[in-house]
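Participant: Protein sequence lines, in the order shown, are assigned to chains A and B. When we follow my numbering, the leftmost residue of the first sequence carries the number 1, and every step to the right adds one. When we follow my numbering, the leftmost residue of the second sequence carries the number 1, and every step to the right adds one. Positions of the beta carbon are idealized from the N, C-alpha and C atoms, including for glycine. I have a structure I would like to understand better, so I am pasting it below and will then ask my questions one at a time.
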Amino acid sequence: MRRRSAAIVALLTLVTGLGACVNNRKSGDDAGPDVDRKATGAIASDPRDSTGPAPEIPGASRGGTITVIRQNRIPHLDPQRVYSFVGLNASQLYARRLTTFKDDGQGHVTLVGDLAVTPGTDVNKDCKTWEFKIKDGVRYEDGTIITSRDIAYGIARSFDLALTGGPTYIQQWLADTPQFDTRFDFKSNKTALAPGLSTPDEKTLKLAFAKPHCDLPFATSLPATAPVPAAKDTGVDYDKQPVASGPYKITKNTAGVEITMERNANWDPATDAVRHQYPDRFVWSFGPDPITQTNRIIADSGADQTAVSWSGVHPSLMAKVVGDPALRSRTIQSPTPSHNTLTINNQRVTDLKVRQALNYAIDRDGLIKILGGETAGRPVTTLMPPATIGWKDYDAYPAGRNGNPDKARDLLGGKKPDLVLAVADSTFGQEVSIHLRANLEKAGFKITVKAVPADSFYDETKKKDNPWDLYLGSWAADWPSGASILPVLYDGRAIKDSGSNNGTSYLNAPALNAEFDRTLALPTEQQGAEWGRLDEKIMREYAPVVPLYVDVVFTLHGSKVGGVFVDSVFGSPTFVKAFVRK
Amino acid sequence: MVRFLARRLLLAALTLFAVSVLTFLMFFALPRDPATAMCPKNCDAARLERVRDELGLNDAKAVQYLNYMKGIVAGRDLGSAQGGYCAAPCLGYSYVNGEPVTSTFTRVIPVTLSIVIPAALLWLATGIGLGTFSALHRGTVLDRMAIGFSLAGASSQLYFVGGVLLLVFVYHLRILPYPHYTSILDNPLAWAASLILPWCALAFLFSAVYARLSRAQMLETMSEDFVRTAVAKGLPRRTIVVRHALRAAITPLVTTAGLDVGATLGGTVITETTFGLRGLGRTAVDAVKDGDLPTIMGTVLIAATFIVVANVVVDVSYTLIDPRVRLR
């Protein structure tokens, strides 16, 4: 999952997010992250939740062009190859998928059917066979009806190694092995269906897995399930101009410079519960660095009045933006699901009391100041980020905002554990290591800091035999379910010699692993609350990491832009409700 | 002349060949596996190896180099993962940009040419004009002012000058749009309006050298005997200055100009970054940042080509300007 790019988001953007909705702020409050956010999530059971049209946005009007300014290009437009935050949110405009999230931008998400009538039916109630019925009236940009065969074709082409880059859940689950490309050769037979996939008729898609995967409805929310017309599949060139199924189609793509998306007349709002089609076009403009973006949007002149800065406010201009009340209505500030921890190597630090003491010792507030303040991070004490379905707020080791070194010292009972803290040799890594070391030494630890080349830092921590006790880790799940966080990071059976998928905590507790199995077998609707309970149980009984903070997004838009908010699933600006003010 | 050209072009070709070998070796010196760009997040070792096979990265180094050179001369088949057949000159496929390197260059080289060539004409005109003016009015206040202006340019940095120009003309006065490249073939007015600020910034910085050089050369030339003869013959001042004196003074200026333009064409990174334009320099820097080896190799080759060509042009132009120079 997106650990490396999540870390890059934390390092490079360093932005703060405020709730896009003004009414979320308490009166007399200074602009700050929505600290009262109570995230909820659900899976829609009523088919009416999945039908359109999406409710009108008050104050929205049709017309205009919204420009999204980003420093780097979007790596892929081909829906089966999309896996970056920007690609995931940009593709919402032109590529519909089987399921998607209804999101209010405040942490309340509902999984609904997008091309499918409902978010999937568990045919035998064993999470092994799933059926989706495709809606009527869903069409490509050229008017052709979208059928289940098109979605099956999209999934089949994702088995081709030439088209790599996207998520691999569905391929791995269908082929029942991570080496899925060896089980199905797309290149030699493009009309064949992938193993386990069947299309009994044009409106029905069935997926049959060897093992239960109750998270399938979430996995289908990724654009990997976007339909592709076989006759128009141009292989690697499809990346330039994929055929649209969403409210916008790609009309011009100057690679690395600009992408223009215009209204798709064949998108029927009555079939879409989530998206709108207010602006005439979206223009994605690549190249300007964050400082230029911030200055242009502040200047708010000409076409920049309808522009949004994707890269966020540069730290050097943060004080200027935060201190200017005129800019308040044009800032977007929101916490994201990118979760950061001080990960403990549980193979080496085996004493629970030591791990608990570590939790008491850390000064989260000070750490967030180093990041850039509340516009950069928000402290967490849970293993899952807020906005995960079933998230429960708790603090297993209440140490106040600045840590409690005395309590830590008590727990250690006079011992002075000697620990090695590994950090990436970047400016950020250095600053953080100084802070953490000071925290821990005040609590009685003896800390040695080891700097590791930033390029290989994460790969090195993923090696089972790494020689360190503590290192920073981060995780951004691909969907807001505990199933894509807790067992992935804390199930010891996933530990490998290198490239380990078990986060980097190397926790391996058989009793806990059994709990994961039990919870994963529950029906999807019941899992949410269980994961919330398990989150707290893991922290209290094992304390495998010290949860630190979630990244916050803080960015600006022009004075004529409305409806842009930060999504609760990926923590990036999303444009499904965007409009241009008259 | 023809023999001279043939010999120079042969030397140029040999230079470029040496550069290509060196850059190709660089491909293997950098600790970056191109396959990971194709298969970034969820790749395990076995699948990564198959991606490497797909990209032809497991062939012998010599084989890969020969394929690369063959591609430049005659085009080659890159396989389905890299867009199929790539026509000559084929500079490989960028896994990071998802397009053939030649496509990237077709797009970014016009931007760099649009920035550098008009800017070069402007800085030459400004520099030589100021220098000649100073030489003819030596010792006066105007002379001092002209030299002061050019010194200010020489001691400035482009990111500062560019930033100030943007602040004044784009953000405050709002009389110019934010620089955004439009092809001259699409809309010459928009092309010029976007690029006038980079031209002025570059001209301000570069003209200094030419002003000083041309001032010194003109002063020396104006004191030559043949100029005194021309004055005695009663020729108009302008004819003396332009047709006689300047022509004699211009040789070192041509050398400097050739080197400057050649080098700047190779990549005006700071200009492009300051003004948010995506030219060859920006592309090269981004390629280094992203570890995009095919693009890096391509930009090094192109930059070397520009400099080599500029040198040949400079040599040839000597004969046209100065009849005392004989080509051998």
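#1: Could you tell me the distance, in whole angstroms, from the CA atom of Lys233/B to the CA atom of Ser223/B?
#2: Identify which residue in Ser45/A, Ser316/A, Tyr394/A and Ala399/A has its Cα closest to the Cα of Ala376/A.
#3: Start and end of the alpha helix (DSSP H) containing Glu431/A?
#4: With distances taken Cα to Cα, identify the nearest neighbour of Leu342/A among Pro544/A, Phe132/A, Ala90/A and Glu441/A.
#5: Are any of the Cβ atoms in chain B nearer than 8 Å to that of Ala299/A?
#6: To the nearest whole angstrom, what separates the beta carbons of Gly246/A and Trp267/A, a pair I think is in contact under 8 Å?
#7: Ala310/B by DSSP, collapsed to three states: which one?
#8: Mind checking whether Arg8/B and Val312/B have CB atoms under 8 Å apart?
#9: Our contact map puts Gly376/B next to Val101/B with C-beta atoms below 8 Å; I'd like the distance itself, whole angstroms only.
#10: So which residues of chain B does Arg296/A contact, with C-beta pairs closer than 7 Å?
#11: Quick check: is the beta carbon of Ala304/B nearer than 8 Å to any beta carbon in chain A?
#12: For the segment 208-226 of chain A against the segment 113-121 of chain B, are there 3 or more C-beta pairs whose distance is under 8 Å?
#13: Apart from the five residues on each side of it in sequence, which residues of its chain come closer than 6 Å, Cβ to Cβ, to Pro89/B?
#14: For Pro217/A and Ile43/A, I'd like the C-alpha separation in whole angstroms.
#15: Would you kindly report the start and end of the unbroken beta strand (DSSP E) that includes Pro379/A?
#16: Quick one: what does DSSP say Trp310/A is sitting in, helix, strand or coil?
#17: Is there at least one Cβ from chain B nearer than 8 Å to Thr336/A's Cβ?
#18: Would you kindly check if the distance between the Cβ of Asn264/A and the Cβ of Asp567/A is under 8 Å?
#19: What does DSSP give as the partner residues of Cys86/B in its beta bridges?
#20: Since Leu207/A and Leu197/A are thought to touch, with beta carbons under 8 Å apart, how far apart are those beta carbons, to the nearest angstrom?
#21: With 16 other CB atoms within 10 Å as the buried threshold, where does Thr100/A fall?
#22: Alpha carbons only, please: which of Gly256/A, Ile495/A and Asp465/A is nearest the one belonging to Thr104/B?
#23: What are the start and end residues of each continuous alpha helix (DSSP H) run of 4 or more residues lying completely inside the segment 458-534 of chain A, in chain order?
#24: For Glu262/A, report the span of its beta strand (DSSP E) as first-last.
#25: Counting contacts by CB-CB distance shorter than 8 Å, is Tyr171/B in contact with chain A?
#26: Which chain B residues are close to Pro487/A, counting only those with a beta carbon under 7 Å from its beta carbon?
#27: Does the distance from the CB of Gly503/A to the CB of Leu489/A come in under 8 Å?
#28: Of all the CB atoms in chain B, is at least one closer than 8 Å to the CB of Leu222/A?
#29: Where does Glu374/A land, buried or exposed, given buried means 16+ other C-beta within 10 angstroms?
#30: One question on the structure: do Gly444/A and Leu472/A come within less than 8 Å of each other, judged by their Cβ atoms?
#31: Can you say whether Arg47/B is buried or exposed, counting buried as having 16 or more other CB atoms within 10 angstroms of its CB?
#32: Assign Ala10/A to one of two classes, buried (16 or more other C-beta atoms within 10 Å of its C-beta) or exposed (fewer than that).
#33: Report the rounded CA-to-CA distance for Ala230/A versus Ala87/B, giving the unit in angstroms.
#34: At the level of alpha carbons, what is the spacing between Pro33/A and Asn345/A?
#35: Quick check on Tyr583/A: buried or exposed, where buried means 16 or more other Cβ atoms within 10 Å of its Cβ?
Facilitator: According to the structure shown:
#1: Roughly 16 Å between the two C-alpha positions.
#2: Of Ser45/A, Ser316/A, Tyr394/A and Ala399/A, the residue nearest in Cα terms is Ser316/A.
#3: Its alpha helix (DSSP H) spans residues Thr427 to Lys442.
#4: Nearest C-alpha to Leu342/A: Pro544/A.
#5: It does; some Cβ of chain B falls within 8 Å.
#6: Confirmed, about 6 Å.
#7: Ala310/B falls in the helix class under three-state DSSP.
#8: In contact: Arg8/B and Val312/B (Cβ atoms closer than 8 Å).
#9: Residue numbering for chain B in the displayed model covers 1 to 328; residue 376/B lies beyond these limits and cannot be assessed.
#10: What Arg296/A touches in chain B: Tyr178.
#11: At a cut-off of 8 Å, the C-beta of Ala304/B has no neighbouring C-beta in chain A.
#12: Taking one beta carbon from each stretch, the segment 208-226 of chain A and the segment 113-121 of chain B have fewer than 3 pairs nearer than 8 Å; the two do not touch.
#13: Excluding residues within five positions, the ones whose Cβ falls inside 6 Å are Ile72.
#14: Whole-angstrom Cα-Cα distance: 9 Å.
#15: Its beta strand (DSSP E) spans residues Gly377 to Pro379.
#16: Here Trp310/A sits in coil by DSSP.
#17: Interface flag for Thr336/A against chain B is unset, since no Cβ pair is found closer than 8 Å.
#18: With contacts defined as CB atoms closer than 8 Å, Asp567/A and Asn264/A fail to qualify as a contacting pair.
#19: Answer is Arg76/B.
#20: The C-beta distance from Leu207/A to Leu197/A rounds to 6 Å, short enough to meet the 8 Å contact threshold.
#21: Per the 10 Å Cβ criterion, buried.
#22: Relative to the Cα of Thr104/B, the nearest Cα in the group Gly256/A, Ile495/A and Asp465/A belongs to Gly256/A.
#23: DSSP runs (the alpha helix (DSSP H)) wholly in the segment 458-534 of chain A: 486-490 and 510-520.
#24: Per DSSP, Glu262/A belongs to the beta strand (DSSP E) from Glu258 to Arg263.
#25: Chain A contact via Cβ: present.
#26: What Pro487/A touches in chain B: nothing, since even the nearest Cβ is about 16 Å away.
#27: A contact, by the Cβ cut-off of 8 Å.
#28: It does not; no Cβ of chain B falls within 8 Å.
#29: A buried status is given to Glu374/A, since no fewer than 16 other beta-carbon atoms sit within 10 Å of its beta-carbon.
#30: No.
#31: The residue in question, Arg47/B, is buried, as its Cβ has 16 or more Cβ neighbours within 10 Å.
#32: Because the pLDDT at Ala10/A is just 41, under 50, the model does not fix this residue reliably, and the point stays unresolved.
#33: Those two C-alpha atoms are separated by around 26 Å.
#34: Its pLDDT being 45, under 50, Pro33/A is placed unreliably in this model, and the value from its coordinates should be taken loosely. Cα to Cα, Pro33/A sits roughly 32 Å from Asn345/A.
#35: Residue 583/A lies beyond the residue range present for chain A, which begins at 1 and ends at 582; the question has no answer from this structure.
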